[in-house]
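Asker: Before I ask anything, let me first share the structure, which is written out below as structure tokens.
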Amino acid sequence: MLANMAKLHLRDFGMFEVIYFEHQEIGTTKQLLIKPSEIQLPLPKVEMMELCGWLYYSVGTYIVVGGYTGIFPKLLVQMPAELTLTEASYSQLKSHIPSIDFDRILKNLLHPKFGNWTILKNKLATMKFDAFFGEGNNLEQTIRNASSRKLANYLVFKYLESAYSYITVNKQVVDPRPCDELLVNVLPRASLRVFVQKYFNKENLKLASRMVDETKNTYMEMIHASTWLDESTKTEAIHKVAEMRKMVGYTEEYERKGALDEIFETLPTSSSDSFYTLVTKIQRFRTEQLMDFITSDTLLNPTEPLMVANAFYFSLKNSLNILVPFLDDPLFDAKFPKYVNAAGIGRVLAHEIGHAFDIHGRLANYNGSVVDWWTEKNRIEYEKKTKCLVDQYERYVNPDYGRSMNGTRVLSEMIADIVGTEAAWKTFQKMNLTDELDLYGFEYASFDQLYFQIAALDFCAPRDKSPIWKIFAMEHPTNRFRVNGVFSNLKAFADTFKCPAGSPMNPDTRCELF
1 MLANMAKLHL
11 RDFGMFEVIY
21 FEHQEIGTTK
31 QLLIKPSEIQ
41 LPLPKVEMME
51 LCGWLYYSVG
61 TYIVVGGYTG
71 IFPKLLVQMP
81 AELTLTEASY
91 SQLKSHIPSI
101 DFDRILKNLL
111 HPKFGNWTIL
121 KNKLATMKFD
131 AFFGEGNNLE
141 QTIRNASSRK
151 LANYLVFKYL
161 ESAYSYITVN
171 KQVVDPRPCD
181 ELLVNVLPRA
191 SLRVFVQKYF
201 NKENLKLASR
211 MVDETKNTYM
221 EMIHASTWLD
231 ESTKTEAIHK
241 VAEMRKMVGY
251 TEEYERKGAL
261 DEIFETLPTS
271 SSDSFYTLVT
281 KIQRFRTEQL
291 MDFITSDTLL
301 NPTEPLMVAN
311 AFYFSLKNSL
321 NILVPFLDDP
331 LFDAKFPKYV
341 NAAGIGRVLA
351 HEIGHAFDIH
361 GRLANYNGSV
371 VDWWTEKNRI
381 EYEKKTKCLV
391 DQYERYVNPD
401 YGRSMNGTRV
411 LSEMIADIVG
421 TEAAWKTFQK
431 MNLTDELDLY
441 GFEYASFDQL
451 YFQIAALDFC
461 APRDKSPIWK
471 IFAMEHPTNR
481 FRVNGVFSNL
491 KAFADTFKCP
501 AGSPMNPDTR
511 CELF
């Protein structure tokens, strides 16, 4: 039954799931991690749950199957938490859970003709999860003790959980989800190709790529000029920036004529396919493509959303990815004035590069390996400087909420904001603006003043009406602080607008990193 679920397209098998995972410290960057499954199916009726012989305890951490406690503890999905576990080999997993034919199941994730099991087998990883390797109440014991009928019922519901998102007939779910949105989500690479070919100005890619290089150069200059970093730390930090990879828009393989057609040769469809059949085929195709991605050198994950306006920094790759919609009007265009692009997208690019030195990113080196390259003296000084940010944020009373916020929770984003804002400004100052035109309606403002005004627009939004507990749980500072708080730490802002000494935007003391 599990092998058939894999043939359909599932990667979550109820008893375990496989997820794409990258980490330098456990062998190879691209891996297929085998971990305990998570329960997600909304089953409000106890009677339905009893069909499977299991009960869900909302305040507990275990599922009861067939009267036996211990199947599938609800594990935290954050990678740092999982990395505290001990690595286990694939062969160890198979020997601890002989009731599951892992080879047969995982082979069925591959394309039957083109899939490469030899390579995939060497990409499999797991860890010593209690659900797999625990002394009591582990997965093997649960399988042996539960009846075949109850296990089968459970797996049926697990399949329904997977299909629920696209076969539901609930009007409230179907109406807000148009077909084109679903298509963009399930076929991101095809959607990206159509958008780029028909609507996108490719000059934007060249400009954005050049802006990334210019911003990286500024970072290296800032690090070199630092008065508190030791030479060894400076060398490693500069090396990290110099070696940072970039993926601007999409990889070059997408430009080759016929490349996309070749990819979709393995997706058989028919005009007679029902909606359910078509989506099932597409999901199967996505699974095959993910396995191909894991076993190859290609850089673009076929299952990741690509039609979103954003940029990301991946510390375990030391890589900056900038998606195509982010590099398009109204956010960015090669025809925009230089100062507009610098203040908008330029600032965001600098922010993302800044994550290489936040509290998590700084722990990885130039190739993404977790290596402590900071001297003890520099580590202590770094913590002092970041504590300045925490204290500043917690002293900042946001008038929208009438109270201060948790600075530790948003520290990584504040670090990226602080160093990114400084790097973006310094990069902007190098630009030749001699031939640039004034912005209509803002002729009174200098280009420097316009820069800050445009940068602030990114955080212009109505007051967040979310519950206060939800706002406190956010990992980003409030919009108000990301403008006023961050700019107050940049002396150039006070100089540009001639803020009086000691005023909120020209304080006597500032927080800075490099």
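Residues in the sequence shown are numbered from 1 upward in steps of one, following full-length UniProt numbering.
Beta carbons are placed, not taken as given, at the ideal position from N, Cα and C, and that holds for glycine.
These numbers were taken from a predicted model, which means no experiment stands behind them.
(1) Can you tell which of Asp213, Ser209 and Glu236 has the C-alpha that lies nearest to the C-alpha of His224?
(2) Looking only at its own chain, which residues have a Cβ that is under 6 Å from the Cβ of Asp12, when we skip the five neighbours before and after it?
(3) In chain order, which beta strand (DSSP E) runs of at least 3 residues are fully inside the region 255 to 332?
(4) Assign Trp374 to buried or exposed, taking buried as 16 or more other Cβ atoms, counted over all protein chains shown, within 10 Å of its Cβ.
(5) Would you check if the region 347 to 367 and the region 397 to 417 touch, i.e. whether three or more CB-CB distances between them fall below 8 Å?
(6) Do the CB positions of Thr408 and Val397 come within less than 9 Å of each other?
(7) So Ala456 is in the alpha helix (DSSP H); what residue range does that whole segment cover?
(8) With a cut-off of 8 Å, do at least 3 Cβ pairs link the region 421 to 437 to the region 206 to 218?
(9) Quick one, are the C-beta atoms of Leu457 and Tyr339 less than 9 Å apart?
(10) Do Met211 and Leu349 come within 9 Å of each other at the CB atom, strictly closer than that value?
(11) Please go through the region 327 to 399 and give each complete alpha helix (DSSP H) segment of 4 or more residues, from N-terminal end onward.
(12) Taking 8 Å as the threshold, find out whether the region 140 to 147 comes into contact with the region 320 to 335 through three or more Cβ pairs.
(13) Report the partner residues of Thr126 according to the DSSP bridge assignment.
(14) Provide the residue(s) that pair with Met247 in DSSP beta bridges, ordered along the chain.
(15) From this set, Lys35, Asp328 and Lys30, which residue's C-alpha is nearest Leu93's C-alpha?
(16) Using CA coordinates, which residue listed in Phe285, Glu383 and Leu327 is at the minimum distance from Val308?
(17) Between Phe275, Ala6 and Ser209, which lies nearest to Arg286 when the distance is taken from Cα to Cα?
(18) Could you spell out where the alpha helix (DSSP H) holding Ile19 opens and where it closes?
(19) Which runs of the beta strand (DSSP E) spanning at least 3 residues fall entirely within the region 98 to 124, listed in chain order?
(20) Do you know how far the Cα of Gln453 is from the Cα of Tyr444?
(21) Would you kindly work out how many angstroms separate the C-alpha atoms of Ala259 and Asp297, rounded to a whole number?
(22) Determine the burial state of Gly420: buried for a count of at least 16 other Cβ atoms within 10 Å of its Cβ, exposed for fewer.
(23) With a Cβ-Cβ cutoff of 9 Å, do Ala3 and Arg149 count as a contact?
(24) Quick one, are the C-beta atoms of Thr478 and Tyr401 less than 9 Å apart?
(25) What whole-angstrom Cβ distance do Cys511 and Ile418 have, given they're in contact under 8 Å?
(26) Would you say Pro302 and Gln283 are within 9 Å of each other, going by their C-beta atoms?
(27) Please report how far the alpha carbon of Glu203 lies from the alpha carbon of Asp464, in whole angstroms.
(28) Mapping the DSSP letters down to three states, classify Asp12 as helix, strand or coil.
(29) Please find out if some non-hydrogen atom of the ligand NAD comes closer than 8 Å to the beta-carbon of Val486.
(30) Under three-state DSSP, which class holds Pro42?
(31) Pick out whichever of Ala342, Pro467 and Asp495 has its Cα sitting closest to the Cα of Lys430.
(32) Measuring CB to CB, does Leu109 end up less than 9 Å from Val18?
(33) So residue 529 and Lys234 are supposed to be a Cβ contact under 8 Å. How far apart are they, rounded?
(34) So what does DSSP say about Met5, is it helix, strand or coil?
Answerer: According to the data block:
(1) By one-based count along the sequence shown, residue 224 stands at place 224. Of the listed residues, the one whose Cα sits closest to His224 is Glu236.
(2) The count along the sequence shown starts at 1 and reaches residue 12 at position 12. Excluding sequence positions up to five before and after Asp12, its CB lies within less than 6 Å of the CB of Ser37, all in the same chain and listed in chain order.
(3) Runs of the beta strand (DSSP E) inside the region 255 to 332: 311 to 314 and 319 to 323.
(4) Against the sequence shown, residue 374 aligns to sequence position 374. Result: buried.
(5) Between the region 397 to 417 and the region 347 to 367, the count of C-beta pairs closer than 8 Å reaches three or more; the two stretches touch.
(6) As a working note, residue 408 is residue 408 in the sequence shown. As a working note, residue 397 is residue 397 in the sequence shown. The beta carbons of Thr408 and Val397 sit no closer together than 9 Å.
(7) For the purposes of this step, residue 456 is taken as residue 456 along the sequence shown, with counting starting at 1. Boundaries of the alpha helix (DSSP H) harbouring Ala456: Phe447 to Leu457, taken from the DSSP string.
(8) Judged by Cβ distances under 8 Å, the region 421 to 437 makes contact with the region 206 to 218, as three or more pairs qualify.
(9) For the purposes of this step, residue 457 is taken as the residue at position 457 of the sequence shown. For the purposes of this step, residue 339 is taken as the residue at position 339 of the sequence shown. It is not a contact, given that the beta carbons lie outside the stated cut-off.
(10) The residue you call residue 349 lines up with position 349 of the sequence shown. The residue you call residue 211 lines up with position 211 of the sequence shown. Yes, the pair counts as a contact, with Cβ atoms nearer than the cut-off.
(11) For the alpha helix (DSSP H) assignment, the uninterrupted runs of no fewer than 4 residues enclosed by the region 327 to 399 are, from N- to C-terminal side, 338 to 341, 347 to 354 and 376 to 395.
(12) These segments do not touch.
(13) Counting from one through the sequence shown, the residue named residue 126 turns up at place 126. The secondary-structure analysis by DSSP pairs Thr126 across a beta bridge with Ile34 and Ala88.
(14) By 1-based counting over the sequence shown, the position of residue 247 is 247. Looking at the DSSP assignment, Met247 forms a beta bridge with Asn321.
(15) In the sequence shown, residue 93 corresponds to position 93, counting from 1. For the set Lys35, Asp328 and Lys30, the Cα lying nearest the Cα of Leu93 is the one of Lys35.
(16) Reading the sequence shown from its first residue, position 308 is the one you call residue 308. Selected option, being the one with the closest Cα: Leu327.
(17) Your numbering for residue 286 matches position 286 in the sequence shown. The shortest C-alpha separation from Arg286 is found at Ala6.
(18) Within the sequence shown, the letter at position 19 stands for residue 19. Counting along the chain, Ile19 falls outside any alpha helix (DSSP H), though it belongs to the beta strand (DSSP E) covering Phe16 to Glu22.
(19) Counting only runs of 3 or more residues that sit fully inside the region 98 to 124, no beta strand (DSSP E) segment turns up.
(20) On the sequence shown, residue 444 is found 444 positions in, with the first residue counted as 1. On the sequence shown, residue 453 is found 453 positions in, with the first residue counted as 1. Rounded to the nearest angstrom, the two C-alpha atoms are 13 Å apart.
(21) On the sequence shown, residue 259 is found 259 positions in, with the first residue counted as 1. On the sequence shown, residue 297 is found 297 positions in, with the first residue counted as 1. Each residue's alpha carbon lies about 16 Å from the other.
(22) Taking the first residue of the sequence shown as 1, we reach residue 420 at position 420. By the beta-carbon neighbour count (other beta carbons within 10 angstroms, threshold 16), Gly420 is buried.
(23) In the sequence shown, counting from the first residue as 1, residue 3 sits at position 3. In the sequence shown, counting from the first residue as 1, residue 149 sits at position 149. At a Cβ-Cβ threshold of 9 Å, Ala3 and Arg149 do not count as neighbours.
(24) One-based indexing of the sequence shown puts residue 478 at position 478. One-based indexing of the sequence shown puts residue 401 at position 401. Yes.
(25) As a first step, residue 511 must be located in the sequence shown, where it is residue number 511. As a first step, residue 418 must be located in the sequence shown, where it is residue number 418. That belief holds up - the Cβ atoms of Cys511 and Ile418 are roughly 7 Å apart, short of 8 Å.
(26) Residue numbering aside, residue 302 sits at position 302 when the sequence shown is read from its first letter. Residue numbering aside, residue 283 sits at position 283 when the sequence shown is read from its first letter. Taking a C-beta distance under 9 Å as the contact criterion, Pro302 and Gln283 do not qualify as a contact pair.
(27) Locating residue 203 in the sequence shown gives position 203, where the first residue counts as 1. Locating residue 464 in the sequence shown gives position 464, where the first residue counts as 1. When rounded, the distance between both Cα atoms is 36 Å.
(28) The residue you call residue 12 lines up with position 12 of the sequence shown. In the displayed model, Asp12 falls within a strand according to three-state DSSP.
(29) Absence of the ligand NAD is noted for the structure shown, with no ligands found whatsoever.
(30) For the purposes of this step, residue 42 is identified with residue 42 of the sequence shown, where counting begins at 1. Per-residue confidence for Pro42 stands at a pLDDT of 44, beneath the threshold of 50, marking its modelled position as unreliable; the derived number appears in the next sentence. In this structure, Pro42 counts as coil in the three-state DSSP scheme.
(31) Your numbering for residue 430 matches position 430 in the sequence shown. Closest option to Lys430, Cα to Cα, is Ala342.
(32) In the sequence shown, counting from the first residue as 1, residue 109 sits at position 109. In the sequence shown, counting from the first residue as 1, residue 18 sits at position 18. In contact: Leu109 and Val18 (Cβ atoms closer than 9 Å).
(33) The structure shown does not extend to residue 529, since the chain is modelled only from 1 through 514, so no value can be given for it.
(34) Mapped onto the sequence shown, residue 5 falls at position 5. Three-state result, Met5: helix.
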